[in-house]
Every structure is written in structure tokens, then in C-alpha cells.
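Undergrad: Residue numbers (this note's numbering): 73 to 626.
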RNA sequence: GCCCCUGUAGCUCAGUGGAUAGAGCACCAGCCUCCGGAGCUGGUGGCCCGGGUUCGAGUCCCGGCAGGGGUACCA
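1. Buried or exposed for residue 391, going by 16 or more other Cβ atoms inside 10 Å?
2. Which runs of the alpha helix (DSSP H) fall wholly inside the segment 287 to 338 and span at least 4 residues, in chain order?
3. Can you give the Cα-Cα distance for residue 571 and residue 204, rounded to whole angstroms?
4. What alpha helix (DSSP H) runs, 4 residues minimum, are completely inside the segment 410 to 484?
5. May I ask you to list the residues that DSSP assigns as paired with residue 229?
6. Hey, which unbroken runs of the beta strand (DSSP E) at 3 residues or more fall wholly within the segment 128 to 166?
7. Report yes or no: do the segment 465 to 474 and the segment 500 to 510 share at least 3 C-beta pairs separated by less than 8 Å?
8. Taking just the CA atoms, how far does residue 396 sit from residue 342?
9. Nearest by alpha-carbon distance to residue 393: which of 421, 485, 417 and 382 is it?
10. Touch check for the segment 364 to 375 and the segment 302 to 309: three-plus C-beta pairs under 8 Å?
11. Does the beta-carbon of residue 187 have 16 or more other beta-carbons within 10 angstroms, so that it is buried, or is it exposed?
12. Taking only the alpha-carbon atoms, compute the straight-line gap between residue 455 and residue 385 and give it to the nearest angstrom.
13. Quick check on the DSSP output: the alpha helix (DSSP H) that includes residue 626 runs from which residue to which?
14. Is it buried or exposed, residue 379, if we count other Cβ atoms within 10 angstroms and call 16 or more buried?
15. Taking Cβ to Cβ, would you say residue 183 is nearer than 7 Å to residue 116?
16. Compute the distance between the beta-carbons of residue 505 and residue 574, then report whether it is under 7 Å.
17. With 16 other CB atoms within 10 Å as the buried threshold, where does residue 494 fall?
18. Answer yes or no: do residue 375 and residue 424 have a C-beta to C-beta separation smaller than 7 Å?
19. Let me know if residue 175 comes out buried or exposed under the rule of 16 or more other beta-carbons within 10 Å of its beta-carbon.
20. Which residue marks the beginning of the beta strand (DSSP E) containing residue 193, and which one marks its end?
21. Kindly indicate which three-state DSSP category residue 354 falls into: helix, strand or coil?
22. If we count Cβ pairs, one from each stretch, closer than 8 Å, do we get three or more for the segment 541 to 553 versus the segment 206 to 222?
23. What does the alpha-carbon distance come out to for the pair residue 566 and residue 507?
24. Within the continuous alpha helix (DSSP H) that includes residue 608, where are the two ends?
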């Protein structure tokens, strides 16, 4: 990345200045290269002189000047200026910028990808909705955020595994089995007492009816009837969850069963490890995790008086498997904000397993407040008043759904007004972005009709023919893409992607409005065609990371 | 009570400690002989309050205020 090149230039200048005594030798300084908001200040700027002025006991301007004089030559940087109160501003050679269009086309769908995560394995676990009900709209937000984070990490070179943790053990499954069995019996016209704390949603009645018509009275009686029927029902639920998620391009490499932790001995190994490291205690007939020894607020129960493990104990086993079993270098858990209290505990647990807690990161997705107009819609499985992800997808479409969930940072709550989302669908920014891609595709189609084959890359391109401001801005916008991907990966903030895509689309629409591609002088047409193709490549790559489609026509 | 997240334009949201805080929607005024007007151009309008750190704070720290979430031998 050009940004790294400029950082290296500054580091070299600093080294030289310290070698010849112009600047005092200080400990490592970050070159602090950033993009100025105001383009008059160049393509990149460094505030290093301002940051080191105090410790160097020199004026920032003097430091800036010393650095500027010692900067190594670099062909892509044509201007370096010192600006008060102490910036070093860098201007890129506009001809070099335009030639990067060729680089974009050469790299194709790999343009924007980086290497910061090369050789590092990362697991992203997300959604993980209990298989007792459908995916609702709040889960959808986590699904989109998680899948985009996984995409962005992968694009940064990480070896990524996308995982869904199936909570198929524990009391909520028993409850689901009983609830389903009751619905099944009711569907067969029999008296059945529905559990007070059961799952009241309409989806379970439908499932009960489905199983009743399919299996008849096969599961009415018998010791294990409810359980056997429940297993079938759970598999159906998981299938339906999978289908819903696939509609918004959310896919998993592995569906990890909580039960398997107990079946294969991982659970015992994990608890033994925690015990061996001295972080368990027996009190009041229960086994506790003494997280307070590791800075947690309070101790937590692992095994109840009844002998049944808590879900927390399962989670210990699960993370034991992630770090000590499958040996992921990094683990990212995407959780709903209602699980926030669980984060310090999990950090403490990982610590207790002898793993650096920094390797475990969380994205806490804040809750979605559903509205219909002014009316707030509460999501409740107990009442059955559920707005499912599937419903939202059907109303606003998968691309708009993804864009909407992606464009807000995970730690900000959001209102989702279904009426508004429907009404504004044609004005949604997603169409603006996709329209840019459709226009690009249209130009390429027209080029073919005019006897120009855009895919023929044999002809030499005169990028110096691209001298217009709008062309320059479009190319500049394209070059920012790798930096955006890197930023999104480093901070686990996929919401930068849609904002970037919008800006890139704006740069293209502006170019499109002001200049024609086809019908100009041949060398201009060819150069603009390449610019257009490159814009399409970057747009498509950005949309791909967002999990959105890039339609050639709309 | 304690812990976490959030407070930026009328509304929905961006804004890696930097130079003159940005978009969309809405509102006002313009642009179609020409590659798709789902587009383009201009205008109105803003950092919750009070301290602090810093050469520099929307951004970091402390204290308020407001909204949301969490504080189980539920998950």
C-alpha cells in the first residue's frame, strides 16, 4: 500500500536525522501517516513532528523541515511540503495514480486484499441462535456483522473459520422438546398440556402440524417419544435457520454441537484443566469458577447442586476446544449486547486455561428496536409475536437488509422501522451503489456492441490521457479500498465498507455525468474504459465483502 | 446501587487525538438532442452539559444529564 511506502519514507528520514545528529535519538516513533480531510493538504500527511516536538525539545516546524530534507526519493510521491503547525504533507504523482488503474485490473478480485493476517488462523463464531426458534431480526444484525468481519479478515490474509455454535444441550432443549410434543399432540387432536414456560410461537404449532401429518401418531406414546420427535424437530429448526441465513449470504464452515463437548470428553478435560490451574472451588454443594482471582467481578457456578453443568461450563469446554483443541490463534465471538456481562467471565476463563485473553475478542452487537411507524414491536418468543429475519428479508430484500445492518457500527443501537424500510426501499443507498455497477456494466455492453472488446487487455493503454479532475478523484477513491479493508479488519468494524462503497459510487456517478467513455478519441476511450472497468472491479470487490450482489442490470 | 453501549444537522447515521466536522432522507433552487435521470449541481442546518489531559479533543479522562442493555445454581 502506498500509505506504507510513505510511512517507510518517514521512518527512513527519521533514522537518517538521528544518525547525523539533527534529531535526538528517541524511542520508536509511529510515522503517524493519515489522510488529510482537506485535499489541499495533500494525499497523505504526517503529524510526526507535532508528536515528537516535546520530547525532542524542538519546534515542530524545525523537525518537519529536518525530516523533509532527509526523505528518500520515491517515484510516486511528487510533492512534499511542510505546513504549520508542523505537518509534513505528501502529494502523489497524478500520472502514477492513473497508472494504478492497470494494477487494479491486473489484481482483479484480489485487489484490496492484504497480508496482515497471513499465517494466522482466526475463528469467527456468530449467530448461534438456539435451535428452538427462528432467526429474528436482531440475530440478523449479528449474522451480517459476523459474516462481514469474517470476509474482511479473510481478505486480510487470515485463515478464517466461520462457525455456528448449536446450543443443543441443556434445559432449553428439554423445554423445546416438551413444547413441540404438546403441539404435535394438539395437531393430532389430543389433549396436551402445554408447558407454562414453553415456546408459544406460532412456528412451533406449524412444526407440530407438519410432523403430525408426516408421522401420524408414531410419537404419541412411549418413554422417549417426546425426545425422539424433538430431535427431528430440532433438525428441522436448524435447517430452517440455515436457509434463512443463506438468503442473506451468511454461510458457515462448521456447525458445532454443544453436545459433542460432552460426548467426546472435551468437557471433562476443560474442567480438569481449570481445576488443575487452581480456579475451581466447591461451595454450597456446587462447583464454582473462582473468576475473582483473575479480576472478574464474581465467581460463577460451573456445576449446579443437581450435578448438571451450567451453560457457562459448556462455554468453558467450547473455548478450551477453540484454543487448546483446534488451536486457533484468534477467536472472535459475535454476541448480542444482552450477553455483555458474560464477556469478562470468558476472558477470565481463557486466562485460567493459560491462554492470553487478548486472543479472544468480542463484537457486541447492540439490540435492534423494531418499529412499525411509531409503534415499537417487542420481540418475544413466549408470546409468539416475532418479527423474523425471513420476514424482513422478504420486505426489503437481502441486499438492502445486509446494507442496513452493516452500515451502522455494532456498538450503536439502531431503530428498524419496517414501514420506513419498505417505503424507502427505492431510495435506499444500496440502489445508488448497485446502480453505479449497473451503469459500468452497461458501458461495457455498449463497448462490445461498438466493436471494442473490454476483455482484450493486449492493447497498450495511455493512462496519461486521463487528466480530468473527476477521473483523478475516481482513481483516488479506488486506491483507498485496501486501506478501508485493512481498517475494517484491524478494528473488526465492517461498517466502514458500506460507507466506502457509497463514496466510490459517488465518484463514479460524478465521472459518468461529466465525461463520456465511448465515442471519444480512441486512446481516450480506451483509457476511460479501463478506468471504468477498474471502478467496477473495486465496487464488486467491496460488495462481495459486504455479501451483496453486484447486478449488471437493474 | 454497580457494570457495559450510545448521545454529532429536523430524521437516520459516518467521522484511525490533527488543519475549514461529512453523507443520505427531508426542505428550497437548478440540470435530460448525448454510454441507464435509481443520476448530477447549488443552498438551509449540527458535536448533550461542566471540568480536565494535550501544541491540538466530536474523539482520551473525571463528574453530571438522557436513552438502551446487563447484573441467576436461565441461555
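Just so you know, even glycine gets a beta-carbon here, dropped at the ideal spot from N, CA and C.
TA: Reading off the structure:
1. One-based indexing of the first chain puts residue 391 at position 319. So residue 391 counts as buried.
2. Entirely contained in the segment 287 to 338, the alpha helix (DSSP H) runs reaching 4 residues are, in chain order, 297 to 319 and 330 to 335.
3. Residue numbering aside, residue 571 sits at position 499 when the first chain is read from its first letter. Residue numbering aside, residue 204 sits at position 132 when the first chain is read from its first letter. Taking the straight line joining both Cα atoms gives about 36 Å.
4. DSSP runs (the alpha helix (DSSP H)) wholly in the segment 410 to 484: 415 to 424, 461 to 468 and 470 to 478.
5. Taking the first chain and counting its residues from 1, one reaches residue 229 at position 157. Within the DSSP secondary-structure output, residue 229 pairs in no beta bridge.
6. Taking only runs of at least 3 residues, the beta strand (DSSP E) segments lying wholly in the segment 128 to 166 are 149 to 155 and 159 to 164.
7. Contact holds between the segment 465 to 474 and the segment 500 to 510, because three or more Cβ pairs, one in each stretch, are under 8 Å apart.
8. Numbered from 1 along the first chain, position 270 holds the residue referred to as residue 342. Numbered from 1 along the first chain, position 324 holds the residue referred to as residue 396. In a straight line, the C-alpha of residue 342 is about 9 Å away from that of residue 396.
9. Counting from one through the first chain, the residue named residue 393 turns up at place 321. Selected option, being the one with the closest Cα: 421.
10. Judged by pairs of C-beta atoms under 8 Å, the segment 364 to 375 does not touch the segment 302 to 309, as fewer than three such pairs exist.
11. On the first chain, position 115 is the one that residue 187 refers to. Under this definition residue 187 is an exposed residue.
12. Residue numbering aside, residue 455 sits at position 383 when the first chain is read from its first letter. Residue numbering aside, residue 385 sits at position 313 when the first chain is read from its first letter. Confidence in residue 455 is poor, its pLDDT being 38 and thus under 50, which makes the residue's placement unreliable; the coordinate value appears in the next sentence. One Cα belongs to residue 455, the other to residue 385, and the distance between them is close to 30 Å.
13. Here residue 626 corresponds to residue number 554 of the first chain, with the count starting at 1. Note, residue 626: premise wrong, no alpha helix (DSSP H); not H, not E.
14. Here residue 379 refers to the residue found at position 307 when the first chain is read from its first residue. Residue 379 should be labelled exposed.
15. Within the first chain, residue 183 is the residue found at index 111, counting from 1. Within the first chain, residue 116 is the residue found at index 44, counting from 1. No. Outside cutoff.
16. What you label residue 505 is simply residue 433 of the first chain in a count that begins at 1. What you label residue 574 is simply residue 502 of the first chain in a count that begins at 1. With respect to residue 574, residue 505 sits close: the two C-beta atoms are nearer than 7 Å.
17. For the purposes of this step, residue 494 is taken as the residue at position 422 of the first chain. Within a 10 Å sphere around the beta-carbon of residue 494 sit fewer than 16 other beta-carbons, which makes this residue exposed.
18. Within the first chain, the letter at position 303 stands for residue 375. Within the first chain, the letter at position 352 stands for residue 424. Residue 375 is not a Cβ neighbour of residue 424, given a cutoff of 7 Å.
19. Sequence index remark: in the first chain, residue 175 carries index 103 (1-based). Flag for residue 175 reads exposed.
20. The residue labelled residue 193 in the question sits at position 121 within the first chain. In the DSSP assignment, residue 193 falls within the beta strand (DSSP E) that extends over 193 to 197.
21. Your numbering for residue 354 matches position 282 in the first chain. The answer is strand: DSSP assigns residue 354 an E or B state.
22. At 8 Å Cβ cutoff, the stretches do not touch.
23. By one-based count along the first chain, residue 566 stands at place 494. By one-based count along the first chain, residue 507 stands at place 435. Residue 566 and residue 507 have their alpha carbons spaced roughly 22 Å apart.
24. In the first chain, the residue the question calls residue 608 occupies position 536. Here the alpha helix (DSSP H) through residue 608 covers 594 to 618.
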